[in-house]
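Everything below concerns the one structure shown next.
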Amino acid sequence: MKTATIPSLRVDPELRRSAESVLHEGESLSGFVEHAIRKTIAYRQAEKEFVVRGLVARDQARQTGHYVEASAVLDRLQGMLDKAKAGKSQA
Numbered sequence: 165m166k167t168a169t170i171p172s173l174r175v176d177p178e179l180r181r182s183a184e185s186v187l188h189e190g191e192s193l194s195g196f197v198e199h200a201i202r203k204t205i206a207y208r209q210a211e212k213e214f215v216v217r218g219l220v221a222r223d224q225a226r227q228t229g230h231y232v233e234a235s236a237v238l239d240r241l242q243g244m245l246d247k248a249k250a251g252k253s254q255a
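Here the sequence shown is numbered in our numbering, starting from 165 and rising by one per residue.
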């Protein structure tokens with residue numbers, strides 16, 4: 165498979181110094197930038213899928229008239245958080 169290039173990027177010297185200051189041992193600035201791009205792409209894809217799921221759920225709720233109270237959602241999320249914290253403290 166052929167490789168492609170990402171357009172060069174002009175940044176102020178302070179941003180470059182900041183990026184170089186956090187490189188891991190043996191890591192290149194190019195590798196750092198590639199990793200950042202990959203992570204951002206994955207984040208944005210997940211964000212897009214999240215929004216799509218939300219819109220589908222909204223439409224289903226409107227269609228069925230079945231809604232969940234915000235307090236019930238928050239209680240469930242709090243329970244999940246408490247469970248995760250309890251598991252973490254036992255590890």
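Ideal placement from N, C-alpha and C gives every residue a C-beta, glycine not left out.
Under three-state DSSP, which class holds residue i?
| i | result |
| --- | --- |
| Arg174 | coil |
| Ala168 | coil |
| Leu193 | helix |
| Val216 | helix |
| Gly229 | coil |
| His188 | coil |
When you compare only the Cα positions, how much space is there between residue i and residue j?
| i | j | result |
| --- | --- | --- |
| Ser235 | Arg180 | 46 Å |
| Ile205 | Arg240 | 30 Å |
| Ala238 | Val232 | Note on identity: in this sequence residue 238 is Leu, with Ala being the wrong assignment. Whole-angstrom Cα-Cα distance: 10 Å. |
| Ala221 | Gly243 | 22 Å |
| Val215 | Gln224 | 14 Å |
| Arg226 | Leu245 | 29 Å |
| Ala248 | Thr167 | 42 Å |
| Lys212 | Ile170 | 23 Å |
| If we count Cβ pairs, one from each stretch, closer than 8 Å, do we get three or more for the region 169-184 versus the region 192-203? | The region 169-184, when compared against the region 192-203, does touch it at the 8 Å Cβ threshold.
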